[in-house]
Amino acid sequence: MQISLSMCKQAARPTLRIPGNAIAQILQGQKEKVVVVMGATGAGKSRLSVDLATRFPAEVINSDKMQVYKGLDIATNKITEEERCGVPHHLMGVIDPESDFSAADFRASASSAVRSIHLRKKLPVIAGGSNSFIQALIDRDFRSRYDCCFLWVDVSMQTLHSFVSDRVDRMVERGMVKEVRDLFDPQADYSSGIRRAIGVPELDEFFRTESSSDEETRVRVLAEAIDRIKMNTSKLACRQVEKIMRLRNAKGWDLHRLDATDVFRKSGKDVEAAWENMVAGRSAAIVSRFLYDRLRVAYGGSAVSVEAPLMAAAG
Numbered sequence: 000m001q002i003s004l005s006m007c008k009q010a011a012r013p014t015l016r017i018p019g020n021a022i023a024q025i026l027q028g029q030k031e032k033v034v035v036v037m038g039a040t041g042a043g044k045s046r047l048s049v050d051l052a053t054r055f056p057a058e059v060i061n062s063d064k065m066q067v068y069k070g071l072d073i074a075t076n077k078i079t080e081e082e083r084c085g086v087p088h089h090l091m092g093v094i095d096p097e098s099d100f101s102a103a104d105f106r107a108s109a110s111s112a113v114r115s116i117h118l119r120k121k122l123p124v125i126a127g128g129s130n131s132f133i134q135a136l137i138d139r140d141f142r143s144r145y146d147c148c149f150l151w152v153d154v155s156m157q158t159l160h161s162f163v164s165d166r167v168d169r170m171v172e173r174g175m176v177k178e179v180r181d182l183f184d185p186q187a188d189y190s191s192g193i194r195r196a197i198g199v200p201e202l203d204e205f206f207r208t209e210s211s212s213d214e215e216t217r218v219r220v221l222a223e224a225i226d227r228i229k230m231n232t233s234k235l236a237c238r239q240v241e242k243i244m245r246l247r248n249a250k251g252w253d254l255h256r257l258d259a260t261d262v263f264r265k266s267g268k269d270v271e272a273a274w275e276n277m278v279a280g281r282s283a284a285i286v287s288r289f290l291y292d293r294l295r296v297a298y299g300g301s302a303v304s305v306e307a308p309l310m311a312a313a314g
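What follows is the structure, given as structure tokens:
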């Protein structure tokens, strides 16, 4: 199964024709809104963030600690320009790959991005698999200023491991080995910067020996490196889910779990329909309630839609 990111569907936004000053009165004192999309690598966080931003006036803030760096677009599985569907993405491929971008750096940069997005009267959607970055941002004074809606895209580990293995094969087909080779430096430090990305240290032995090895040895060493990439990506997915569960159980984060397992078991046209029913549609309904319920209550509970985002009125 492969979830396509290329279908940029613009969902019709509901409109509620009420005076702007009435909205402002209803929302007086309300915190500004932020949506956070979480999940293991490969679960569909990027797809969901774009889906939401085509249904609501939103911009995406990347919270993947490797995707913040310039370069290695294939190895770090960055969302492409086409897949972004015109949605602005912040902190995506902007940091010097030789530098160390810490959780504290993310907190400062993401906070600034959230403020700028709100100033443009849009909804910030924070999406990525680096839960330590997200926790560093949220666990400070963030929630004293912002009302957060947490969406967790979850997939059974057995299903996700199979998908991750296939995804690594597709990344290799797209040129990941050449991409990493171009970054190879036998004196490099793999403990900092973009060289910590899965795929870089695993291919080190292959690059060191390929020029002095025969064809059979090169094929074997490369196959072993690719197997390690698959294994380490699967281990990362397990750690990410464990971290999410700790945030939910120990920290008390109110996470809306979206089980996407059956989506990954579909094929062909059934994938899109399943994604819409199980993930995108449910998420849109959750976010709609998160943004608009105070207006519904104020207007007698009737179904409403809003021409402008609510944070515009609140700001």
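Here the sequence shown is numbered in numbering that gives the first Met the number 0, starting from 0 and rising by one per residue.
For each residue, glycine too, the CB sits at the ideal point set by N, CA and C.
- Task: Using DSSP bridges, identify the partner residues of I94.
- Result: Answer is Y68.
- So what's W274 in DSSP terms, helix, strand or just coil? helix
- Going by the C-beta, is I197 closer than 7 Å to any heavy atom of the ligand MG? As for the ligand MG, it is missing from this structure, which has no ligand bound.
- Item | Residues bridged to C148 [DSSP beta-bridge criterion] | According to DSSP, which records beta bridges pairwise, C148 is partnered with V34.
- Would you kindly report the start and end of the unbroken alpha helix (DSSP H) that includes D165? 156-173
- Message: I need the straight-line Cα distance from L118 to A273, nearest angstrom please.
- Response: 35 Å
- Message: Using DSSP's beta-bridge definition, name the partner residues of A126.
- Response: V36, N61
- Message: Could you compute how far the alpha carbon of D72 sits from the alpha carbon of I193?
- Response: 11 Å
- Query: Nearest to S143 by alpha carbon, out of R106, K30, D213?
  - Reply: For S143, the closest of R106, K30, D213 by C-alpha to C-alpha distance is K30.
- Query: Thinking C-alpha only, which one of E241, G85, Y68, T75 is nearest V49?
  - Reply: G85
- Query: What are the partner residues of L254, as DSSP defines its beta bridges?
  - Reply: F149
- Of the residues R46, F183, I225, which one's Cα is nearest the Cα of R207? F183
- Considering only the beta carbon of each residue, do V278 and L51 sit closer than 8 Å? no
- Expressed to the nearest angstrom, what Euclidean distance is found between the alpha-carbon atoms of F162 and P56? 31 Å
- Determine the direct distance from the alpha carbon of V34 to that of K121, and round the result to whole angstroms. 11 Å
- Task: Report the option in S131, N76, N276 whose CA atom is closest to the CA atom of T40.
- Result: Its Cα nearest to that of T40, the residue N76 stands out among S131, N76, N276.
- Task: State the beta-bridge partners of H89 as determined by DSSP.
- Result: I60
- Query: When burial is assigned at 16 or more other CB atoms within 10 Å of the CB, is Q239 buried or exposed?
  - Reply: By the 10 Å Cβ count, Q239 comes out buried.
- From P200 to E215, what does the alpha carbon distance come to, in whole angstroms? 22 Å
- Of the residues V179, V167, S211, L235, the one placed nearest K64, counting alpha carbons only: L235
- Which whole-angstrom value is the C-beta distance of I60 and P123, which I expect to be below 8 Å? 6 Å
- Measure from the alpha carbon of V154 to the alpha carbon of each residue in G280, D292, Y291, A42, then state which is nearest. Comparing Cα-Cα distances from V154 to each of G280, D292, Y291, A42, the minimum goes to A42.
- Of all the options N248, Q157, H89, G251, which has the alpha carbon lying nearest to the alpha carbon of F263? Q157
- Query: Roughly how many angstroms lie between the CA atoms of D292 and A249, to the nearest whole one?
  - Reply: Their backbone Cα atoms lie some 28 Å apart in a straight line.
- DSSP state of P200, grouped into three classes? helix
- Query: So G127 and S62 are in contact, right, with Cβ under 8 Å, and what is the actual spacing, rounded?
  - Reply: 3 Å
- Considering only the beta carbon of each residue, do N130 and M37 sit closer than 8 Å? At a Cβ-Cβ threshold of 8 Å, N130 and M37 count as neighbours.
- Span of the alpha helix (DSSP H), counted from its first residue to its last, around A236: From DSSP, the alpha helix (DSSP H) with A236 extends over 214-248.
- Message: Quick check: the Cα distance between H89 and E204, rounded to an integer number of angstroms?
- Response: 34 Å
- Query: How would you write the range of the alpha helix (DSSP H) that Y104 sits in, first residue to last?
  - Reply: Here the sequence assigns Asp to residue 104, which means Tyr is not the residue at that position. Here the alpha helix (DSSP H) through D104 covers 102-118.
- Cβ-based burial, I22 [other Cβ within 10 Å; buried from 16]: Model confidence at I22 stands at a pLDDT of 49, short of 50, so the residue's coordinates are unreliable; what they give is reported in the following sentence. Classification for I22: buried.
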